[in-house]
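Engineer: Here it is, the structure in full.
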Amino acid sequence: MTPLTGSTDRPGRLAGCNPRRHSGRKGRAGKAISREGRRRNRIRDMRFIISPAKKMIVDRDTMEVGGKPVLLGKAEVLLEWMRGMDEGELKGLWRCNDKIAALNYERIRSMDLEKGLTPALLAYEGIQYQYMAPGVFEDGAWAYVQEHLRILSGFYGILRPLDGVVPYRLEMQAKGNPGGEGNLYDFWGDAIYKELVSETDCIVNLASKEYSRCVEDWLEEGVEYITCVFGEEKEEGTAEKDGKKKGIPVVQKGTQAKMARGEMVRFAAGNNIRDWRSLKDFCGLGYTYREEYSSEKQLVFVKNKEIREME
Numbered sequence: 001m002t003p004l005t006g007s008t009d010r011p012g013r014l015a016g017c018n019p020r021r022h023s024g025r026k027g028r029a030g031k032a033i034s035r036e037g038r039r040r041n042r043i044r045d046m047r048f049i050i051s052p053a054k055k056m057i058v059d060r061d062t063m064e065v066g067g068k069p070v071l072l073g074k075a076e077v078l079l080e081w082m083r084g085m086d087e088g089e090l091k092g093l094w095r096c097n098d099k100i101a102a103l104n105y106e107r108i109r110s111m112d113l114e115k116g117l118t119p120a121l122l123a124y125e126g127i128q129y130q131y132m133a134p135g136v137f138e139d140g141a142w143a144y145v146q147e148h149l150r151i152l153s154g155f156y157g158i159l160r161p162l163d164g165v166v167p168y169r170l171e172m173q174a175k176g177n178p179g180g181e182g183n184l185y186d187f188w189g190d191a192i193y194k195e196l197v198s199e200t201d202c203i204v205n206l207a208s209k210e211y212s213r214c215v216e217d218w219l220e221e222g223v224e225y226i227t228c229v230f231g232e233e234k235e236e237g238t239a240e241k242d243g244k245k246k247g248i249p250v251v252q253k254g255t256q257a258k259m260a261r262g263e264m265v266r267f268a269a270g271n272n273i274r275d276w277r278s279l280k281d282f283c284g285l286g287y288t289y290r291e292e293y294s295s296e297k298q299l300v301f302v303k304n305k306e307i308r309e310m311e
């Protein structure tokens, strides 16, 4: 799996960036040490969340599977629920054409969640994953993402990169629920969120709204939640007030944002980023951090105008 044309940087190293490696300063004696120790623990426990992709593959050669999905039991419930539907009903659930419905209908008939597994990060083939390029990660990057990256899934709930998965089709926004009423958001409830915050109190959101909702709907006080936005700046409305630019919306485009999210994960893994503030150094694909549009809850990156015009 390799980056798409146009992403010429080495995996994990983005040209022109100036990443800072934060390992935490040594604290002073007494209470200062305790405070600094807690801060380092929080930084070490930072988690990125990303969306899955519709297109999936089987890859049993690149990496060995490193575990089972933590919410596998709920995936088994969903599988049995789908097996109880006919092909027409599944086509409606999946919102797909006849060919894809037929393929996945046959797939779930023989699906075994314990066999023929692929590490989750290698199983998805969407744009974000192509730009992340896990198949050519440098040394240490796999260990980093296994600790810091979580994939949200309508079928599996939440996945670590090395969790073993099989190809499936089930989006989080699908209309349906094994319980009869409601949708998959109702089915999963706060299970995904609880699993995530059992590991961390600092979440960096690189997921789409469809998937980040599984976390955002349950956010509690004391949990840091930072969303990364990758967009383009409109020209009109350049007036400034109190040093802040006003009236210049940053427009986020789907495909470009997916590309940047993948590059961001690769940047963090290649540079062992531990503190979300160090993500401000990201400059892949011509994006630059813009403090005037950002906040403690949102990091905004704007694409360089000259690069946009060259694309």
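Residues 1 to 311 in the UniProt record's numbering are what the sequence shown spells out, letter by letter. All C-beta atoms, glycine included, are put in the ideal place defined by N, C-alpha and C. Please read all numbers here as calculations on a predicted model, not as lab measurements.
Does the segment 214 to 228 come close enough to the segment 60 to 70 that 3 or more CB-CB pairs lie under 8 Å?
Structural biologist: no
Engineer: Name the two residues that bound the continuous alpha helix (DSSP H) containing I192.
Structural biologist: A191 to V197
Engineer: Go to N205, then tell me how far its beta strand (DSSP E) extends in each direction, as first and last residue.
Structural biologist: Bounds of the beta strand (DSSP E) holding N205 are C202 to N205.
Engineer: Who are the near neighbours of D112 in its chain, counting only those whose CB is closer than 8 Å to its CB and skipping five residues on each side?
Structural biologist: V166
Engineer: Whole angstroms is fine: what's the gap from I203's alpha carbon to Q173's?
Structural biologist: Cα-Cα distance, rounded: 22 Å.
Engineer: Using beta-carbon positions only, say whether N177 and D190 come within less than 8 Å of one another.
Structural biologist: no
Engineer: Scan the segment 269 to 310 and note each continuous beta strand (DSSP E) run of 3 residues or more that stays entirely inside, going in chain order.
Structural biologist: DSSP runs (the beta strand (DSSP E)) wholly in the segment 269 to 310: 287 to 289 and 298 to 303.
Engineer: Taking 8 Å as the cut-off, decide whether the C-beta atoms of I108 and M132 are in contact.
Structural biologist: no
Engineer: Please confirm whether V265 and I49 have their CB atoms less than 8 Å apart.
Structural biologist: Taking 8 Å as the Cβ cut-off, V265 and I49 do not qualify as a contacting pair.
Engineer: In whole angstroms, what separates the C-alpha of A123 from that of G92?
Structural biologist: 24 Å
Engineer: For G237, count neighbouring C-beta atoms within 10 Å of its own C-beta (all shown protein chains included) and say buried if the count is 16 or more, exposed if not.
Structural biologist: Low confidence applies to G237: its pLDDT is 49, below 50, so where it sits in the model is not reliable enough to give any reading.
Engineer: Can you find the residues in the same chain that come closer than 7 Å, C-beta to C-beta, to T288, ignoring five residues on each side of it along the sequence?
Structural biologist: F301, V302 and N304
Engineer: Is the beta carbon of I192 less than 8 Å from the beta carbon of E125?
Structural biologist: no
Engineer: Alpha carbon to alpha carbon, how far is E263 from G284?
Structural biologist: 6 Å
Engineer: Which term fits D163, buried or exposed, when burial requires 16 or more other beta carbons within 10 angstroms of its beta carbon?
Structural biologist: Looking at its Cβ environment, which holds 16 or more other Cβ atoms inside 10 Å, D163 is buried.
Engineer: According to the Cβ coordinates, are K253 and Q128 closer than 8 Å?
Structural biologist: Judged by their CB atoms, K253 and Q128 are not nearer to each other than the 8 Å cut-off.
Engineer: In terms of alpha-carbon separation, which member of N205, W276, S294 and F230 lies closest to L219?
Structural biologist: When each option's Cα is compared against that of L219, the closest is N205.
Engineer: Please report the distance separating the alpha-carbon of R169 from that of G116.
Structural biologist: Rounded to the nearest angstrom, the two C-alpha atoms are 16 Å apart.
Engineer: Output the residue ranges of the alpha helix (DSSP H) runs that lie fully inside the segment 93 to 131 and measure 4 residues or longer, sorted by chain position.
Structural biologist: 98 to 110 and 120 to 123
Engineer: Please state whether DSSP places L72 in a helix, a strand or coil.
Structural biologist: helix
Engineer: On the three-state DSSP scale, how would you describe L152?
Structural biologist: strand
Engineer: Straight-line CA distance for L159 to D45?
Structural biologist: Distance from the CA of L159 to the CA of D45, rounded to the nearest whole angstrom, comes to 16 Å.
Engineer: Assign F187 to one of three DSSP states: helix, strand, or coil.
Structural biologist: Judged by DSSP in its simplified three-state form, F187 adopts helix.
Engineer: With a 10 Å radius around its C-beta and 16 neighbouring C-beta atoms as the bar for buried, classify K74 as buried or exposed.
Structural biologist: K74 is buried by the Cβ-count criterion.
Engineer: Can you tell me which of the three DSSP states L170 falls into?
Structural biologist: In the three-state scheme derived from DSSP, where H, G and I count as helix and E and B as strand, L170 is classed as coil.
Engineer: Short of 6 Å in beta carbon distance, which residues of its chain neighbour E171, apart from the five on each side in sequence? Order them along the chain.
Structural biologist: G154
Engineer: On the DSSP letters alone, give me the boundaries of the alpha helix (DSSP H) that G58 sits inside.
Structural biologist: With the sequence shown as reference, residue 58 is identified as Val, and Gly is not the correct amino acid for it. No alpha helix (DSSP H) contains V58, which DSSP labels as neither H nor E.
Engineer: Short of 6 Å in beta carbon distance, which residues of its chain neighbour A32, apart from the five on each side in sequence? Order them along the chain.
Structural biologist: Because A32 sits at a pLDDT of 37, beneath the cut-off of 50, its placement in the model cannot be relied upon, and the following sentence gives the value as read from the coordinates. Apart from the 5 residues on each side of it in sequence, A32 has no Cβ closer than 6 Å to any other Cβ in its chain.
Engineer: Closer than 7 Å by C-beta to V251: which residues in its own chain qualify, once you throw out the five before and the five after it? Chain order, please.
Structural biologist: Only residues of its own chain outside the window of five on either side were considered, and among them G231, E232 and K234 have a CB closer than 7 Å to the CB of V251, listed in chain order.
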